[in-house]
Each structure stands twice: as structure tokens, then as C-alpha cells.
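Numbering-wise, the sequence shown is residues 8 to 136 according to this note's numbering.
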Amino acid sequence: MIKPKYHFFHRILLAIQGLFIAIKRERHMKIHLVVSILLLTPLFWIQTSPVKIWILIVLLALLFVVELINTAIETTIDLITRRFSYRAKLAKDMSSGAVLIVATLALIFSIFIYWPSMYNLMVGVFVGS
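Here it is as C-alpha cells:
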């Protein structure tokens, strides 16, 4: 079997295609995409440090990376075995745990960013200005 030779730009196109396939087929990727958009959109209106914005963007990008790795691990395990295997379950659970850690970090940091604005809004609405 002859292995095809891809040039650099073709490999980039294949990587982009992989991203779109993951977003199209994986429910959690869709959820991460929607939540990321919801978390980033208010940053256009609230005043916060550019460093905090970049940290949130990096955390959300890391979440996508870890979710892609998790999907690749789960797909590979499903390709190797269809029968139940405790080791396969461990590998899937551990990779899902990595996603959970990064998602929790992104959520906690989002609360850290948005809390002052949410607090001021609640005080303004309930106490009055």
C-alpha cells in the first residue's frame, strides 16, 4: 500500500476538517462551542483587564484541545475493541476527567471575571441606584 504524500497546506486543511467534523459529530464539542461563545460575548461590553480576557481565551482553547484528545482516545478505543474492557473504561474515564478539570477551571475563572459586573448589576436592580 502506497502512503500518500501531503504537503504542508494540505495537512493544515485536514486538521481544520478534523475540527469541523468533531464539532459536527460530537455533542460535547457543540456544547463547549456554544458555552465559549456565551462566555466571550459579554467581554465586548464589560470592562476587564486584557490579561484576564486572554487567560479566558487560552482556557477555552485548552478545553477544545483536551476535548479533541478525549474524542480521539474514545474513538481509538472503540475501534480497537467492541467488548467491555476495564482498562478501556479506565482510559475513557481518565480522558473525560481531564476535560472535566479544564472545563471546571474555565468556569471558575469565568465567574472570577464576571462576578464584579454581575454583583453591580444585582445591586443596581435590587437596591436601586
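The C-beta atom is built at its ideal place from N, Cα and C for all residues, glycine as well.
Among the options, which one has its Cα closest to the Cα of residue i?
i: PRO123; options: LEU50, PHE16, LYS99 and SER103; result: LEU50
i: MET58; options: MET125, VAL130, ILE120 and PHE133; result: The displayed chain sequence assigns Val, not Met, to residue 58. The shortest C-alpha separation from VAL58 is found at ILE120.
i: ALA139; options: VAL132, LEU97, ILE84 and THR78; result: For the chain, the structure presents residues 8 to 136; residue 139 sits outside this window and is missing.
i: LEU66; options: LEU112, HIS39, LEU97 and VAL134; result: LEU112
i: VAL42; options: LEU26, PHE71 and PHE91; result: PHE71
i: ILE118; options: GLY104, ALA105, VAL134 and ILE60; result: ILE60
i: LEU40; options: LEU26, LYS10 and LYS12; result: LEU26
i: GLU33; options: THR82, LEU97 and TYR93; result: THR82
If you reduce the DSSP assignment to three classes, tell me which class residue i lands in.
i: GLY135; result: coil
i: GLU33; result: coil
i: THR83; result: helix
i: THR111; result: helix
i: TRP61; result: helix
i: ARG90; result: coil
i: TRP122; result: helix
i: HIS39; result: helix
i: SER56; result: coil
i: ILE76; result: helix
i: MET129; result: helix
i: LYS96; result: helix
Work out the CA separation of residue j and residue i for me, nearest whole Å.
i: ARG18; j: GLN24; result: 10 Å
i: LEU75; j: ARG90; result: 23 Å
i: LYS31; j: MET125; result: 33 Å
i: THR48; j: ILE64; result: 12 Å
i: HIS35; j: VAL106; result: 10 Å
i: GLN54; j: VAL109; result: 25 Å
With a cut-off of 8 Å on the beta carbons, I'd call residue i and residue j a contact; round off their distance for me.
i: SER102; j: ILE80; result: 4 Å
i: ALA95; j: ILE84; result: 5 Å
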